[in-house]
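Data block below; observations after.
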Amino acid sequence: MRAVAVAAFAQTVHTGHDTGLSEPELLLPVLAEVRAKSGLRAFGFTCSGSCDYLAGAPFSFVSALDALGAWPPISESHVEMDAAFALYEAWVRLQHGDVDSALVYGFGKSSLGDLREIMTLQLDPYYLAPLGLDQLSYAGLQAAALGADRAELDAIVRRCRADGRRNPYALDLPDPTEQDDGHAAPITDGAAAVVLVAGDLLREYPRLAYLTGIAHRIEPHYLGMRDLARSPSAADAATAAGVGKGRVDVAELHTQFSHEELILREALGLPPDTLINPSGGPLAANPVMATGLIRVGEAAQRILDGTAGRAVAHATGGPCLQQNLVAVLSEEA
Amino acid sequence: MGNRCAVIGVGQTHYTTKRRDVSMAGLVREAALRALEDAELTFRDIDAVVIGKAPDLFEGVMMPEAYLADALGAAGKPVTRVHTAGSVGGSTALVGASLIQGGVHDRVLVVAYEKQSESNATWALSTHLPFTASLVVGAGGYFAPHIREYVRRSGAPAHIGALVAVKDRRNALKNPYAHLRIPGIDRAMVESTPMLWEPIRYLETCPSSDGACALVLASERAATGRPAWVHGTAMRSEPIFRAGRDTVNPRAGQDCAADVYRQAGITDPRREIDVAEVYVPFSWYEPMWLENLGFADLTEGWKLTESGATALDGDIPWNASGGVLSSNPIGASGLIRFAEAALQVRGLAGEHQVAGARTALGHAYGGGAQFFAMWIVGADKP
Amino acid sequence: MPSDLSARHILEFPGGYTRTTGPVIGRFLTELRDGRIVGVRTADGRTLVPPLEYDPHTGDPVTGEYVQVGPAGTVAEWTWVTAPRAAHPLDRPFAWAMIRLDGADTALVHAVDTGHPKAIRAGLRVWPRWRAERVGQITDIECFVPEVTMIVSPVRTEYTVTPGRALTRFLEGVRDGILLGGRCATCDKVYLPYRISCPECGSPIEEERQVSDTGTVTTFAINNLPDPRAPEVPFVSAYILLDGADTPMIALVGGVPAHEVRQGMRVRAVWVPEAERTLSMTNITWFAPTGEPDAELEA
Ligand SMILES: [Zn+2]
Chain Y
1 MRAVAVAAFA QTVHTGHDTG LSEPELLLPV LAEVRAKSGL RAFGFTCSGS
51 CDYLAGAPFS FVSALDALGA WPPISESHVE MDAAFALYEA WVRLQHGDVD
101 SALVYGFGKS SLGDLREIMT LQLDPYYLAP LGLDQLSYAG LQAAALGADR
151 AELDAIVRRC RADGRRNPYA LDLPDPTEQD DGHAAPITDG AAAVVLVAGD
201 LLREYPRLAY LTGIAHRIEP HYLGMRDLAR SPSAADAATA AGVGKGRVDV
251 AELHTQFSHE ELILREALGL PPDTLINPSG GPLAANPVMA TGLIRVGEAA
301 QRILDGTAGR AVAHATGGPC LQQNLVAVLS EEA
Chain W
1001 MGNRCAVIGV GQTHYTTKRR DVSMAGLVRE AALRALEDAE LTFRDIDAVV
1051 IGKAPDLFEG VMMPEAYLAD ALGAAGKPVT RVHTAGSVGG STALVGASLI
1101 QGGVHDRVLV VAYEKQSESN ATWALSTHLP FTASLVVGAG GYFAPHIREY
1151 VRRSGAPAHI GALVAVKDRR NALKNPYAHL RIPGIDRAMV ESTPMLWEPI
1201 RYLETCPSSD GACALVLASE RAATGRPAWV HGTAMRSEPI FRAGRDTVNP
1251 RAGQDCAADV YRQAGITDPR REIDVAEVYV PFSWYEPMWL ENLGFADLTE
1301 GWKLTESGAT ALDGDIPWNA SGGVLSSNPI GASGLIRFAE AALQVRGLAG
1351 EHQVAGARTA LGHAYGGGAQ FFAMWIVGAD KP
Chain E
2001 MPSDLSARHI LEFPGGYTRT TGPVIGRFLT ELRDGRIVGV RTADGRTLVP
2051 PLEYDPHTGD PVTGEYVQVG PAGTVAEWTW VTAPRAAHPL DRPFAWAMIR
2101 LDGADTALVH AVDTGHPKAI RAGLRVWPRW RAERVGQITD IECFVPEVTM
2151 IVSPVRTEYT VTPGRALTRF LEGVRDGILL GGRCATCDKV YLPYRISCPE
2201 CGSPIEEERQ VSDTGTVTTF AINNLPDPRA PEVPFVSAYI LLDGADTPMI
2251 ALVGGVPAHE VRQGMRVRAV WVPEAERTLS MTNITWFAPT GEPDAELEA
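Protein chains in written order, with this note's numbering: chain Y, 1 to 333; chain W, 1001 to 1382; chain E, 2001 to 2299.
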């Protein structure tokens, strides 16, 4: 495949409440920052991820084009998925060989509605959604299927929140308590953007985070027709992306619930010494629709700042880790 | 534009106001299984699935690709969900083609659908957040002022819209999948229907349909049967609120056409394209897009329509299938244009086949006429 | 965030979505209405409950063979809900569970009413508690209960929505009878309503610029379908280019018969009395003709 690398990443300082900015207003400084970091004003391809039901209105992505200053008209597409999947689409587009840069962004304000119930609407509309099965409930079923040790899960939450407190972009969350156990990712507003480069542009940057592998897979939807304790789709994606072909210094995982870290660690075959979610991960900041892209961005940032040589990023969609994307980033092409 | 890509299978459902006999999964499977049958393949042969549809509010299922994945045989495979407003069907085909052009996969299943009867399109499209200053009543209310401005600029006579409405519905009578079938339709019938959003009359608007469309796309080494080869693909988007934006002749549409023609080596679309499937949800958009896509000079598009050039027996037939004016499952409407273009160059369009068609344009647009997706397909390998 | 600019926003298709079921789901729900639970056999002989039209692992169609399962089953996994939500099947604490019904090869997701978390465990045998009045919905089973003891699909999401920074600024102006635009210094264009970035070049817009409440109708539609925002039918929705602005706004034109509205017509905002003004565009009832000669339109 053609070499493609992350040249720039930016994210908002995420918040647990509505700061009064609209989605395009949230996005604006992030776009300016990746443009400044990459030195690119226009891009060969642009792709974004957002969700109408999160915004409470159809066509939530349309006004983002105005924030972008998409003029002259741009080659652009949108996925109603986490923006990590938009990044995958951009990576595919860069494989054509005729364009050398791509802008990817995602945004979401979970503060507007009741995220737990909005996620019910993603379920099978005949058998699951009418039950009102909400996000916390189906995650609870998965945690039960895994049967993880409570103390182990508590330790994950404590670690993620502590790391999040050191991350200026994540929420400032206290150590978990009985009332605030922190096993579910917090409600968060935010946005993120990534610039990908290829071809001649690769020579323009002193240091890049090469996307040496990226793949995604889905599995059957209905919760009773798959083994919730395992994630074969994440395992398949990890194999296809080549996770096992080298050491993994850092892994940024899209863990919306603490137990998912254990499932993903096994599915991705991560070595015991791999640093998991040093950013704090989604348990410290979860701007839905951008959270997965931020995993790619955080992993890339570790390569760009020289604190890691090879990193893995993971993003997910659907209930109980139904769909999984795995990317491998490296300082070498 | 990367590796060669071909359409080797096309499947459509019958388009109708209410498909009462199927579930959502049943609807998309109907189109997908027909496309697979056309390609002589099964789900097992497919590497990846791309799903497109318009806003999730239509069916009240958020990101339904999660629920539909296994209905499309996608367990263990990559699934992508595209949403680019009205152009989404076209964009879905382009995202699918991109996977092959980028050398990532050999066989991709592309499916787009809408089951509008689960709710109501005007409700879903007119759901405004508090604090917006918008005063738009459905898609017709949005596009009517731009049509009025086109009529003013071009000096087109008032009956041009009715001519398109009649032509496309007559074509629909030759398409077994078409939704609106109005035997004996003529200009007088169209002109006797009420103005909904003046200057748009009832029979100059598209219907609201349930339906799905699917394509099987293949790389050169996986191409079988009678392929339609992809000669060019392009998408363009522009901001809706830009000062001085030309809503009658949007720059994004012009640029998108220029890009796709350049890839296909087309310099004179009127002469070099044999048949075009163009997204015309309101009849007046035929003359407007004739100009925007370079088939006619500025302000001259309506003359091409009036001369009969765009009729099935004209020199550049537009919407031989009956077009969006005859069938409109919104999320699928763009993909149907792309699919019909492919059927024409494969010589498989049946009664609405344009004799000898070797090069065809598929076109879709959406949002405030700001999102465009196009491809050129041909009978010959590029 | 200005507290007076926060609104409840409800997204709800009136009456609920009308979901057609197709034959397989339809069969299941019909049996359910009659108090029976059926599964469907796959080509490789497994029984899917609830039945799908396809084998979820291969996408192949299932066989047409339905088999009655349950009604009793065994709890596999469960999770306890201490605070039920309005949409949940029970209004008291309960468990969500994956239930392997007797004769099924897959697990059904449903609620289990045991009263207390200590009363549920993996391996617990449960039976459905049927609703007396069944309509053909998955909720015809109210829940499952421990052994022996016992669809129109409304979609409603509720949000608290704020207008964003730029629109808030604009609406504050409208409250004070002022139409506030923003000028992009790079493009020298005035955007209305005020926004914080330029759609053309992406630059931040820093300069606020008040524009006139008079302008020119560039184009319009005569709407013959009623709309709650318009006083009568027909009504005119027009693109109005206000003097001093470079982008048109869409607004009602009133005070003139619909068929007398022209492209190029000069109009002025008709404001509601000052005492009635709020942070809303409804402060402008509509735009009415000024009586000036029509403006020249671009060719
Ligand atoms: Zn500007």
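The beta-carbon is built from N, C-alpha and C at its ideal position, and this holds for glycine as well.
On a predicted model such as this, the values are computed, not experimentally measured, just so you know.
- E:Glu2012: member of the beta strand (DSSP E) spanning Ala2007 to Glu2012, first to last residue.
- Under the Cβ criterion of 8 Å, Y:Leu121 is counted among the residues facing chain E.
- About 7 Å separates the beta carbons of Y:Ala10 and Y:Ala192, which is inside the 8 Å limit, making them a contact pair.
- In its chain, beyond the 5 residues on either side, Gln2210 have a beta carbon closer than 6 Å to the beta carbon of E:Ile2178.
- Burial is judged here by how many other beta carbons sit within 10 angstroms of a residue's own beta carbon; W:Ala1341 has at least 16 and is buried.
- Pairing Y:Ala7 with Y:Ser48 gives a Cβ-Cβ distance that is not under 8 Å.
- Here the distance from the Cβ of E:Glu2200 to the nearest heavy atom of ligand 1 is below 7 Å.
- For W:Ala1320, no beta strand (DSSP E) segment is defined, and its DSSP state is neither H nor E.
- If the five residues before and after W:Leu1298 are omitted, its C-beta is found closer than 6 Å to the C-beta atoms of Glu1291, all from its own chain and listed in chain order.
- Boundaries cannot be given for Y:Ala170, as no beta strand (DSSP E) includes it and DSSP labels it neither H nor E.
- In the DSSP assignment, E:Val2024 falls outside any beta strand (DSSP E) and within the unbroken alpha helix (DSSP H) covering Gly2022 to Arg2033.
- Within chain Y, Pro130 have C-beta atoms less than 7 Å from the C-beta of E:Gln2137, given in sequence order.
- Taken from the Cβ of E:Thr2186, at least one heavy atom of ligand 1 lies inside 7 Å.
- For W:Met1195, the nearest beta carbon of chain E is closer than 8 Å to its own beta carbon.
- Assigned with DSSP and collapsed to three states, Y:Asn277 falls in coil, not helix or strand.
- No heavy atom of ligand 1 is found nearer than 7 Å to the CB of Y:Ser77.
- Taking 8 Å as the cut-off, the Cβ atoms of Y:Arg295 and Y:Leu268 do not count as close.
- When only Cα atoms are considered, E:Thr2058 and W:Pro1183 end up about 43 Å apart.
- Take the alpha-carbon of W:Ile1273 and the one of E:Gly2039: they are about 53 Å apart.
- Counting C-beta atoms within 10 angstroms of its own C-beta, Y:Gly39 has fewer than 16 neighbours from the protein chains shown and is therefore classed as exposed.
- At the C-beta level, W:Gln1012 and W:Tyr1279 stay beyond 8 Å of one another.
- Note: Y:His78 is bridge-paired with Y:Ser48 in the DSSP secondary-structure output.
- In terms of beta-carbon proximity, Y:Gly199 stays away from the interface with chain W, with every pair separated by 8 Å or more.
- Going by C-alpha positions, Y:Trp71 is about 16 Å away from E:Thr2247.
- If you compare the alpha carbons of W:Pro1055, W:Asp1210, W:Gly1103 and W:His1352 with that of W:Glu1220, the shortest gap goes to W:Gly1103.
- Membership of W:Trp1289 in the alpha helix (DSSP H) is indicated by the continuous run Tyr1285 to Asn1292.
- According to the DSSP assignment, E:Phe2170 belongs to the alpha helix (DSSP H) that extends over Arg2165 to Arg2175.
- Below 8 Å, enough C-beta pairs join the region 2239-2255 of chain E and the region 2267-2282 of chain E to call them touching: three or more.
- DSSP places W:Ala1165 in the helix class (H, G or I) of the three-state scheme.
- For the 8 Å CB-CB criterion, W:Val1010 and W:Asp1038 form a contact.
- Taken through DSSP and simplified to helix, strand or coil, W:Phe1295 comes out as coil.
- Of all residues in the region 2053-2082 of chain E, only Pro2056, His2057, Ala2076, Glu2077, Trp2078, Thr2079, Trp2080 and Val2081 come within less than 8 Å of chain Y when Cβ atoms are compared, listed by chain position.
- For Y:Ile214, the pairing in a beta bridge is given by DSSP as Y:Ala327.
- In this structure, DSSP gives Y:Tyr126 a state outside helix and strand, which the three-state scheme calls coil.
- Close to chain Y, meaning a Cβ-Cβ distance shorter than 7 Å, are the following residues of the region 1065-1096 of chain W: Ala1066, Tyr1067, Ala1069, Asp1070, Ala1074, Ala1075, Gly1076, Lys1077, Pro1078, Val1079, Thr1080, Arg1081, Val1082, His1083, Thr1084, Ala1085, Ser1091 and Val1095.
- Listed along chain Y are Leu133, Ser137, Gly140 and Leu141, each with a C-beta nearer than 7 Å to that of E:Trp2096.
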